[in-house]
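Q: Sharing a structure here in structure tokens format.
Protein chains: 2
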Amino acid sequence: MVCELISVGTELLLGNIVNTNTQFLAEKCALLGLSSYYQVTVGDNRERLAEAIRTALKRSDIVILTGGLGPTEDDLTKEVCAEVMDFPLAEDAHTRERLEEFFKNSIYKKISENNWKQAMIPDGAKVLDNHNGTAPGLILEKYGKSAILLPGPPNELIPLFMEQVYPYLQKLQPEIIRSQMVKICGVGESQVEDKLLDLIDKQTNPTIATYAKTGEVHLRVTAKAGSTEEADKRIKPVVKEIKRRFGDFVYSTREDETLEMAVVRLLRKLELTVTTAESCTGGMLAARLTNVPGVSEVFREGFITYANKAKRKILDVSKSTLKKYGAVSEQTAKEMATGGVFATDADVCVAITGLAGPGGGSEEKPVGLVYIACYLKDEVKVEKYQFKGNREKIREQSVVKALDLLRRSILDNYR
Amino acid sequence: MVCELISVGTELLLGNIVNTNTQFLAEKCALLGLSSYYQVTVGDNRERLAEAIRTALKRSDIVILTGGLGPTEDDLTKEVCAEVMDFPLAEDAHTRERLEEFFKNSIYKKISENNWKQAMIPDGAKVLDNHNGTAPGLILEKYGKSAILLPGPPNELIPLFMEQVYPYLQKLQPEIIRSQMVKICGVGESQVEDKLLDLIDKQTNPTIATYAKTGEVHLRVTAKAGSTEEADKRIKPVVKEIKRRFGDFVYSTREDETLEMAVVRLLRKLELTVTTAESCTGGMLAARLTNVPGVSEVFREGFITYANKAKRKILDVSKSTLKKYGAVSEQTAKEMATGGVFATDADVCVAITGLAGPGGGSEEKPVGLVYIACYLKDEVKVEKYQFKGNREKIREQSVVKALDLLRRSILDNYR
């Protein structure tokens, strides 16, 4: 089966946003074993959108459209798709009710009239309830083809797709496709590929695909088979071999488990509590940890000590250390981590101090220099990094390395 | 003039990478005043690539192709484009020389034979030397149309485009295009559009485009004219009118200024320092503030008080308040903000306490309930919100509202 992705939105044509939806959908469609030959982006223009839909329905079995489902004048996807596929629009009582419910709790006092057009549904379409926004998703089926309409905001699109569209597409496919993630932290992408070269070279079924993320590499092992059991049987030895080769660098084999989730899982299992002491990352590490629901069991408080005075007052970093070695130094990082544990009743503290730039660098201490320390059981580990990239990239990489240091420190102490 | 972007590469169809090249090129083309109606992605397939190029040359004046210029079997862009536009290929001595030079300094001992195919150039094409890789860029002109072929790796494409293609495109354009951003916080997208309906309805030159971000709406006013001055003269009264209608809801008219940058600018101007006291956002507010280079002048420390005990110990929230009203309450938010100022020497403190979910909600206090307080000059403002969406969305919206409350509190006190 051939699937085509159409992104709708003038903001894409103007380059105001990066099209991450297409990457997400393309990856998932590939996972489902759907073939993909074209991805198209069109603006909020009736004629060109209609033409794109007609062309896609001719050459593909499944057309997934994203964006243009909202309440504004520019939002045309539903109207145009319904017209092309000859579905009349009618108000859907269920969707109207959901909208009323949504707006009842809204912070906006006045609901503009155009919002109600979101309750107009192509007659006969499957309605996919959107739990994170107002515009529902839709599936229109005709002539053996499916058009799937999804809202543009990723936080609406992703859960809607995973919960309602993925199972729908799975049913359309004759072969069973199964896959398993292996998530690695602390090894570069080309190093990972080098270490798996023999496996990748001879791969047919299962296949191994690598995806580079900031500070991480994700491997997806995918097998096709006649049954779930058979597919899983193909995957299992390959995953086992990858885990053998990378050992502790593998932090998870769960599809939806992020690095911070794996860290929190480990902390919960061992009943350890953690605190954070951040300088250049300014709260990003704590923010990532507290992304994880249920983190309150293991994380109670954290500190952002941006100024030297704050490092001294809150974390008891000594004046002489700051004077002698500077705020960005191994010694300061160590004292921050130690101070974090003593200022709280936490078992572990991770500290970050560095130069995120763009200003403030010197020959001796260039922008990108970051020290990360972890205090656990009367012992402080500290690591020095020289990161590349802009302020955002340096801060992001620091957080990943801090989470990974925390993870490795715990593993080293509790095995 | 109409420009179309074609991305070539099966890795894009499979969702292995995000297509950032298209965003980069689209933004630059828009800035040059080129119209853009389509972006297309095709795989490394001869027939489909040829078809995409033919279609694009029919409906657009300029076609920019990225990817597929390398040495491998899969790299077809140059061959196919030359065939479609009827350019014979011939070895280019200059490019051959550059390749020899490149490989002389290469880390690879053995240069595979297929690398030399990169010296084969469509006869009559402009060669764009690539200083960061082996495949040169190309411009093919025929029938009043231009096809521009660029290498896929962003570190090759971006400098090549900026240095050699941007000036080429600039010369093709007769008209000047200018635009100005107006960024609004605290008003929903449809409300913004309602309030501008008359302006949007009659727009031709300049035009007004709206973009919804989390908790924000951005408006871009764009004018075409014969000169920069004339274009700016068209934009000015429209921007003035938008600012008049939205007053303090407009936080910036600067292209690259984010909400946190506007807040930090305001703090710096008034020489105020700020601290943060976060519960459910767990450091996200501080992380956003510290995104801004130079924030250290106005932000020295911040606190994440996730547990009640931390709220009491660090921010001096009273035991009886927590007992009587709970951690998620107006009273606790107020005491957190007040405590933040007294625990530091900051002038202002923003505090956030809420239920980000998914667990922990009740009928009285449902998930999404968030209180945000701001202490400034012996006065605490507190706002209550009931946000929709998942944990991430609730936390994100809380941070935007907190930044906006901080901004509005300062404006109210210092005008």
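As you go down the protein sequences, you meet chains A and B in turn. Going by our numbering, the letters in the first sequence line up with residues 30 to 444, in that order. Going by our numbering, the letters in the second sequence line up with residues 30 to 444, in that order. Note that CB positions come from ideal geometry on N, CA and C, so glycine has one too.
1) Which residues in chain A sit within 7 Å of residue 149 of chain B, going by Cβ to Cβ distance?
2) May I ask you to verify whether the region 399-415 of chain B touches the region 355-366 of chain B, counting CB pairs closer than 8 Å and requiring at least 3?
3) Does the contact criterion of 3 or more C-beta pairs under 8 Å hold for the region 239-252 of chain B versus the region 209-224 of chain B?
4) I need the DSSP call for residue 197 of chain B, collapsed to helix, strand or coil.
5) So, helix, strand or coil for residue 334 of chain A, using DSSP?
6) In terms of residue numbering, what span does the alpha helix (DSSP H) encompassing residue 183 of chain B cover?
7) Spell out the partners DSSP gives residue 150 of chain B in its beta bridges.
8) Identify whether residue 360 of chain B lies in helix, strand or coil by the three-state DSSP scheme.
9) Can you tell me whether residue 95 of chain A is helix, strand or coil according to DSSP?
10) If you drop the 5 nearest sequence neighbours on each side, which residues of the same chain put their C-beta closer than 8 Å to that of residue 112 of chain B?
11) Please classify residue 191 of chain B as buried or exposed, where buried requires at least 16 neighbouring CB atoms within 10 angstroms.
12) Using the DSSP secondary-structure output, state which residues sit across from residue 66 of chain B in a beta bridge.
13) Verify whether the separation of the beta carbon atoms of residue 90 of chain B and residue 30 of chain B is less than 9 Å.
14) Given a cut-off of 9 Å, decide if residue 310 of chain A and residue 396 of chain A are closer than it, judged by their beta-carbon atoms.
15) For residue 67 of chain B, is the classification buried or exposed, using 16 other Cβ atoms within 10 angstroms of its Cβ as the cut-off for buried?
16) May I have the straight-line CA-CA distance separating residue 174 of chain A from residue 158 of chain A, to the nearest angstrom?
17) DSSP three-state call for residue 292 of chain A: helix, strand or coil?
18) Compare the C-alpha of residue 189 of chain B against each of B/292, B/203 and B/163 and name the closest.
19) Specify, as a first and last residue, the run of the alpha helix (DSSP H) that residue 269 of chain A falls within.
20) Give me the chain A residues within the contact set of residue 436 of chain B, using Cβ-Cβ distance strictly less than 9 Å, ordered along the chain.
21) Check the Cβ-Cβ distances between residue 313 of chain B and every residue of chain A, and say whether any is below 9 Å.
22) Would you kindly work out how many angstroms separate the C-alpha atoms of residue 305 of chain A and residue 56 of chain A, rounded to a whole number?
23) Using beta carbons (cut-off 9 Å, strictly below), is residue 316 of chain B in contact with chain A?
24) What are the partner residues of residue 423 of chain A, as DSSP defines its beta bridges?
25) Can you round the beta-carbon distance between residue 228 of chain B and residue 259 of chain B to whole angstroms, since I take them to be within the 8 Å contact cut?
26) Could you compute how far the alpha carbon of residue 171 of chain B sits from the alpha carbon of residue 77 of chain A?
27) Please tell me whether residue 67 of chain B has its Cβ less than 9 Å away from any Cβ of chain A.
28) Given that residue 141 of chain A touches chain B, what residues does it touch there, using C-beta distances under 9 Å?
29) What is the DSSP secondary structure of residue 389 of chain A, counted as helix, strand or coil?
30) Take residue 267 of chain B as the anchor and find which of B/292, B/286 and B/238 has the nearest alpha-carbon.
31) So, with DSSP's three-state summary, where would you put residue 349 of chain A?
32) At what residues does the beta strand (DSSP E) containing residue 251 of chain A begin and finish?
33) Just to confirm the assignment, what range does the beta strand (DSSP E) spanning residue 207 of chain A have?
34) Which residues, in chain order, does the region 323-340 of chain A contribute to contact with chain B at a C-beta distance below 8 Å?
35) Could you list which residues in chain B have their beta carbon closer than 8 Å to that of residue 293 of chain A, in chain order?
36) According to the Cβ coordinates, are residue 88 of chain B and residue 109 of chain B closer than 9 Å?
A: In short, the structure shows the following:
1) To locate residue 149 of chain B, count along the second sequence from 1; it is residue 120. Contact of residue 149 of chain B with chain A by beta-carbon distance below 7 Å is absent, the smallest such distance being about 27 Å.
2) A contact exists between the region 399-415 of chain B and the region 355-366 of chain B.
3) Judged by Cβ distances under 8 Å, the region 239-252 of chain B makes contact with the region 209-224 of chain B, as three or more pairs qualify.
4) Position 168 of the second sequence, counted from the start, is the residue given in the question as residue 197 of chain B. If DSSP states are grouped into helix, strand and coil, residue 197 of chain B belongs with the helices.
5) Here residue 334 of chain A corresponds to residue number 305 of the first sequence, with the count starting at 1. Correct three-state label for residue 334 of chain A: strand.
6) Along the second sequence, read from residue 1 onward, the residue named residue 183 of chain B stands at position 154. Unbroken alpha helix (DSSP H) run through residue 183 of chain B: 183-189.
7) Translated into the one-based positions of the second sequence, residue 150 of chain B becomes position 121. In the DSSP assignment, residue 150 of chain B is bridged to B/119.
8) The residue you call residue 360 of chain B lines up with position 331 of the second sequence. The answer is helix: DSSP assigns residue 360 of chain B an H, G or I state.
9) Locating residue 95 of chain A in the first sequence gives position 66, counting from the first residue. Three-state result, residue 95 of chain A: strand.
10) For the purposes of this step, residue 112 of chain B is identified with residue 83 of the second sequence, where counting begins at 1. If we look at residue 112 of chain B and ignore the five residues flanking it on each side, its Cβ neighbours are 79.
11) Numbered from its first residue, the second sequence carries residue 191 of chain B at position 162. Residue burial annotation: residue 191 of chain B is exposed, with fewer than 16 other C-beta atoms found within 10 angstroms of its C-beta.
12) Mapped onto the second sequence, residue 66 of chain B falls at position 37. Per DSSP, none; premise fails for residue 66 of chain B.
13) The residue labelled residue 90 of chain B in the question sits at position 61 within the second sequence. The residue labelled residue 30 of chain B in the question sits at position 1 within the second sequence. Yes, these two residues count as a Cβ contact at 9 Å.
14) As a first step, residue 396 of chain A must be located in the first sequence, where it is residue number 367. As a first step, residue 310 of chain A must be located in the first sequence, where it is residue number 281. Pairing residue 396 of chain A with residue 310 of chain A gives a Cβ-Cβ distance that is not under 9 Å.
15) In the second sequence, residue 67 of chain B corresponds to position 38, counting from 1. Buried, since its Cβ has 16 or more Cβ neighbours within 10 Å.
16) In the first sequence, counting from the first residue as 1, residue 174 of chain A sits at position 145. In the first sequence, counting from the first residue as 1, residue 158 of chain A sits at position 129. Residue 174 of chain A and residue 158 of chain A: Cα-Cα distance of roughly 22 Å.
17) Locating residue 292 of chain A in the first sequence gives position 263, where the first residue counts as 1. In the structure shown, residue 292 of chain A falls within a helical segment according to DSSP collapsed to helix, strand and coil.
18) The residue you call residue 189 of chain B lines up with position 160 of the second sequence. Ranking the options by Cα distance to residue 189 of chain B, first place goes to B/163.
19) For the purposes of this step, residue 269 of chain A is taken as residue 240 along the first sequence, with counting starting at 1. Boundaries of the alpha helix (DSSP H) harbouring residue 269 of chain A: 257-275, taken from the DSSP string.
20) Taking the second sequence and counting its residues from 1, one reaches residue 436 of chain B at position 407. Those do not exist, as residue 436 of chain B stays about 17 Å from chain A at its closest Cβ, beyond 9 Å.
21) Looking up residue 313 of chain B in the second sequence gives position 284. True, the Cβ-Cβ gap to chain A drops below 9 Å.
22) Locating residue 305 of chain A in the first sequence gives position 276, where the first residue counts as 1. Locating residue 56 of chain A in the first sequence gives position 27, where the first residue counts as 1. Those two C-alpha atoms are separated by around 35 Å.
23) Position 287 of the second sequence, counted from the start, is the residue given in the question as residue 316 of chain B. It does; some Cβ of chain A falls within 9 Å.
24) What you label residue 423 of chain A is simply residue 394 of the first sequence in a count that begins at 1. Residue pairing for residue 423 of chain A: DSSP places it in no beta bridge.
25) Residue numbering aside, residue 228 of chain B sits at position 199 when the second sequence is read from its first letter. Residue numbering aside, residue 259 of chain B sits at position 230 when the second sequence is read from its first letter. With a Cβ gap of about 20 Å, residue 228 of chain B and residue 259 of chain B do not count as contacting.
26) Translated into the one-based positions of the second sequence, residue 171 of chain B becomes position 142. Translated into the one-based positions of the first sequence, residue 77 of chain A becomes position 48. Here the alpha carbon of residue 171 of chain B sits roughly 26 Å from the alpha carbon of residue 77 of chain A.
27) Position 38 of the second sequence, counted from the start, is the residue given in the question as residue 67 of chain B. Taking 9 Å as the threshold, the shortest C-beta distance from residue 67 of chain B to chain A falls below it.
28) Residue numbering aside, residue 141 of chain A sits at position 112 when the first sequence is read from its first letter. Under a criterion of Cβ atoms nearer than 9 Å, the residues of chain B adjacent to residue 141 of chain A are, in order, 217, 219, 220, 222 and 223.
29) Within the first sequence, numbered from 1, the residue matching residue 389 of chain A stands at position 360. Residue 389 of chain A: coil per DSSP, three-state reduction.
30) Here residue 267 of chain B is taken as the residue at index 238 of the second sequence, counted from 1. Distance from the Cα of residue 267 of chain B is smallest, within the candidate group B/292, B/286 and B/238, for B/238.
31) Along the first sequence, one-based indexing puts residue 349 of chain A at 320. The answer is helix: DSSP assigns residue 349 of chain A an H, G or I state.
32) On the first sequence, position 222 is the one that residue 251 of chain A refers to. Secondary structure note for residue 251 of chain A: its beta strand (DSSP E) is the uninterrupted segment 245-254.
33) Here residue 207 of chain A is taken as the residue at index 178 of the first sequence, counted from 1. From DSSP, the beta strand (DSSP E) with residue 207 of chain A extends over 205-214.
34) Cβ contacts with chain B come from 323, 324, 325, 328, 329, 330, 331, 332, 333, 334, 335, 336, 338 and 339.
35) Translated into positions along the first sequence, residue 293 of chain A becomes position 264. Neighbours of residue 293 of chain A across chain B, judged by C-beta separation under 8 Å, do not exist; the nearest C-beta is about 12 Å away.
36) To locate residue 88 of chain B, count along the second sequence from 1; it is residue 59. To locate residue 109 of chain B, count along the second sequence from 1; it is residue 80. No, the pair does not count as a contact, with Cβ atoms beyond the cut-off.
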